[in-house]
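Before any comments, here is the structure.
Residue numbers (my numbering): 1 to 626.
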């Protein structure tokens, strides 16, 4: 983009400072690299020849765009870098810059630097000065052979044919370099390099190997092959075994291998066939570098005939190698930035996840602490009340305050009842401790369902009558006794817990116990069993709200502390019952439509043998006989 001198007058101190790109020093036409935020502030800056134009790099960093150097059209430039940042897509364009009072057109590649939020956004800018047609460049000579130390691009006056060839190579160089600089993808850079060099120079093979100073080996990552040659991609070789490679890396100069037949690159132990059979006549090893630090190797092979590399070819290869070295460095920087950004993002996500987990753990710990405190308070009350009853009645007897033998006997019965209640509380606490420690052993044996239900009825009938509730037991019609497979004592404990809760929380209506036979074979404790008995305890009591039902079977958890204080109990009954039933091969379920709508608890127990069921038709016939 060219702009007249009138457009620059507001940005330059004096008109005498203006010089055109035709007068810009040739030695200053190397790459310029910097990073900026979206407001144009320089975050980092590198320009090898900054001193040519009186630019001090250390002063540029931290300065705003335009203080020491910047585009003539500042608004347009800022709009472009903001567009790159928002789209996360690199852009290339030309821009006219003012540098210490001088103006120069620069080809730019602007790429976003991907960093996680909330870090400020930034871009990396890679610029190449556009020389005028009147300028003649003299690329640096870095050849190991003395005869190539002259100017690699002779002037048109001395060598007209060479000058034409030089111009041709310049155009090819610009084309390949621009193609390489348009991407920050390393595999693309490597492949475009070998394809461009291989085709233009007409070699049989061109390979490229990235180089890391800390690594003892290098690996071929891309190649160009002409004809049917054995592939070499992914082959590794030791740097120490190859003196020519070591020399190229240390001197940063192209190495023209005089005797390729003995070169380690042509006889790799890992390769299935020797590459010496290719009869390589010529081989050139070129180092790519950035800021005088090697970062890769380019190797060119000529198999069909001996080849003497011309000064123009060597200069072209070296110049392109420099371009590739810069592109590799920029791509590596971008890859490292992206990797760092991804790592930061993963770390941030991990930290957020850990924070959430810690928060959940803290809430759970606080809830557990609250529940245990509430449990201890309730349990203390449950233990203290019957204990005080026992002590009180016994003290009355010991003090001789009873009037007669009948009153004394009544006190003894009350003390005994209080002691039984205390024992029940202590048994619950001991049972839950054993269950949580996994030390409760349950011996399985045949259990008669009828006997179990009769004991439960004997226990419940007094409380049922006291509260004036209905009580019903519904058993399936069978010709024989229903025999369960479980532990009688523990089944009684479960039934008494469930029935006791139903009676405790029911004020009107009643409690119903029903049994259902499920004929489905199962295996438990290496024993084949014919099915399950499903026992249901239903009441018409106060019920439980839907949002609190998940806490019913948690140890030390009570649905409502006020409810516990009103009705008593440790809150361990359901948790103990669930653990006991599961230990005997069954499952426990709780159902309630909400507060005031009653509750139903079901649990299953394996059958020891399949009962003979009485069909509905047989039942009807029996009824008709009666």
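The beta carbon of each residue, even a glycine, is placed where N, CA and C say it ideally should be.
Check: Given a cut-off of 7 Å, decide if residue 574 and residue 533 are closer than it, judged by their beta-carbon atoms.; Outcome: no
Check: Suppose only complete runs of 3+ residues qualify. What are the beta strand (DSSP E) ranges in the region 424-492, listed by chain order?; Outcome: 445-448, 470-474, 483-486
Check: Give me the Cα-Cα distance between residue 635 and residue 423, rounded to the nearest whole angstrom.; Outcome: Past the boundaries of the shown model lies residue 635; the chain is included only from 1 to 626, so the question cannot be answered.
Check: Quick check for students: name the residue ranges of the beta strand (DSSP E) that lie wholly in the region 54-118, counting only runs of 3 or more.; Outcome: 69-71, 91-99, 102-113
Check: Given residue 406, which residues of its chain have a CB within under 6 Å of its CB, disregarding the five upstream and five downstream residues?; Outcome: none
Check: Using the three-state DSSP reduction, which class does residue 296 fall into: helix, strand or coil?; Outcome: strand
Check: Answer yes or no: the CB of residue 463 versus the heavy atoms of the ligand GTP, is any distance below 6 Å?; Outcome: As presented, the structure is devoid of all ligands, the ligand GTP included, so that no description of it is given.
Check: Please list the segments of the beta strand (DSSP E) lying wholly inside the region 575-618, counting only runs of 3 or more residues, in order along the chain.; Outcome: 588-591, 599-606
Check: So what's residue 410 in DSSP terms, helix, strand or just coil?; Outcome: helix
Check: Go ahead and pull the three-state DSSP assignment for residue 140.; Outcome: Its pLDDT being 36, under 50, residue 140 is placed unreliably in this model, and the value from its coordinates should be taken loosely. Three-state DSSP puts residue 140 in coil, outside helix and strand.
Check: May I ask you to list the residues that DSSP assigns as paired with residue 128?; Outcome: 107
Check: How big is the Cα-Cα spacing for residue 314 and residue 197?; Outcome: 11 Å
Check: Check whether the Cβ atoms of residue 312 and residue 299 sit closer than 7 Å, and answer yes or no.; Outcome: no
Check: Is residue 433 buried or exposed, if buried means 16 or more other CB atoms sit within 10 Å of its CB?; Outcome: exposed
Check: Report the rounded CA-to-CA distance for residue 500 versus residue 605, giving the unit in angstroms.; Outcome: 20 Å
Check: In or out: residue 493 buried (at least 16 other Cβ within 10 Å) or exposed?; Outcome: buried
Check: Return helix, strand or coil for residue 121, following the three-state DSSP convention.; Outcome: coil
Check: Shortest alpha-carbon distance to residue 507 belongs to which of 539, 535, 525?; Outcome: 539
Check: Mark residue 428 as exposed unless 16 or more other C-beta atoms lie within 10 angstroms of its C-beta, in which case mark it buried.; Outcome: buried
Check: When the distance is taken between beta carbons, is residue 186 closer than 7 Å to residue 341?; Outcome: no
Check: Taking the C-alpha atoms as reference points, what is the distance between residue 475 and residue 401?; Outcome: 51 Å
Check: Give me the Cα-Cα distance between residue 100 and residue 290, rounded to the nearest whole angstrom.; Outcome: 26 Å
Check: Starting from residue 187, trace the alpha helix (DSSP H) in both directions and tell me its first and last residue.; Outcome: 186-201
Check: Rounded to the nearest angstrom, what separates residue 627 and residue 287 at their Cα positions?; Outcome: Because residue 627 is not part of the residues shown, which for the chain are 1 to 626, the question remains open.
Check: Let me confirm a value: residue 611 is counted as buried when at least 16 other C-beta atoms fall within 10 Å, else exposed. Which label applies?; Outcome: buried
Check: Can you round the beta-carbon distance between residue 71 and residue 95 to whole angstroms, since I take them to be within the 8 Å contact cut?; Outcome: 5 Å
Check: One question on the structure: do residue 74 and residue 66 come within less than 7 Å of each other, judged by their Cβ atoms?; Outcome: yes
Check: Please name the residue in 371, 514, 490, 389 whose C-alpha comes closest to that of residue 411.; Outcome: 389
Check: Count the other CB atoms within 10 Å of the CB of residue 27; is the residue buried (16 or more) or exposed (fewer)?; Outcome: For residue 27, the predicted model reports a pLDDT of 45, less than 50, meaning its position is unreliable; a value from the coordinates is still stated below. Classification for residue 27: exposed.
Check: What does the alpha-carbon distance come out to for the pair residue 376 and residue 413?; Outcome: 28 Å
Check: Of all the CB atoms in chain D, is at least one closer than 7 Å to the CB of residue 530?; Outcome: Looking for chain D here will not work: only one protein chain is present.
Check: Taking only runs that begin and end inside the region 221-262, name each unbroken beta strand (DSSP E) of 3 or more residues, in chain order.; Outcome: 222-225, 236-238, 255-257
Check: Are the region 450-460 and the region 503-517 touching by the rule of at least three beta carbon pairs closer than 8 Å?; Outcome: yes
Check: Using DSSP's beta-bridge definition, name the partner residues of residue 536.; Outcome: 514, 602
Check: Is it right to say residue 443 is buried, meaning 16 or more other beta carbons lie within 10 angstroms of its own, or is it exposed?; Outcome: exposed
Check: Nearest CA to the CA of residue 47: which residue from 404, 129, 105?; Outcome: 129
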